[in-house]
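> Take the working numbering: the last position of the sequence shown gets the number 122, and nothing is skipped along the way.
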Amino acid sequence: PVYYIQYAHARICSVLAQWNGVERDLLDADLARLDGERELALCARLAAFAEVIQSAAADYAPHQVAFYLKDLAGEFHSWYNAERMLVDDEALMIARLALAAAVRQVLVSGLALLGVSAPTSM
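(1) Indicate the three-state DSSP secondary structure (helix, strand or coil) for L72 in the structure shown.
(2) Identify which residue in L92, W79, G115 and L114 has its Cα closest to the Cα of V103.
(3) Comparing C-alpha positions only, which one of A50, L40 and V2 sits nearest to R96?
(4) Could you check which residue in H77, A50 and E75 has the C-alpha nearest to that of V65?
(5) Any heavy atom of the ligand NAP closer than 7 Å to the CB of L40?
This is the structure in structure tokens:
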């Protein structure tokens, strides 16, 4: 299970490296372009991160973070397998890469809270 989460992180790092862009450009992404079912599910899952962390801390239940990260990685892998990120439509590509970068950040943060590394390649 931890490898499944780490692999999602490594996949995102690989895609961002293939892009060869400047990550700062992702801040200007038109996120309205993310209208697919999987993309919206990922956005909703990301939005729940702070609440999961707060609940895990209040309940002394770090497993909540682990379960959340596993679910987030699963949703990312499903999206990754269904959609291409590096597409010709520049605005769509930037939006998808911004979403992937957000997933990466949450994975890194969650894994760090659990004391687990987030390798950039596997």
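C-beta: ideal position from N, C-alpha, C; glycine also. It should be emphasised that the depicted structure is a prediction, and the values quoted were computed from it without experimental measurement.
Well, looking at it:
(1) Locating residue 72 in the sequence shown gives position 72, where the first residue counts as 1. Note: L72 maps to helix in three-state DSSP.
(2) Position 103 of the sequence shown, counted from the start, is the residue given in the question as residue 103. Of L92, W79, G115 and L114, the residue nearest in Cα terms is W79.
(3) Residue 96 sits at position 96 when you count from the first residue of the sequence shown. When only C-alpha atoms are compared, the closest one is L40.
(4) Position 65 of the sequence shown holds residue 65. Per the Cα distances, A50.
(5) Because no ligand of any kind appears in the structure shown, any question about the ligand NAP cannot be addressed here.
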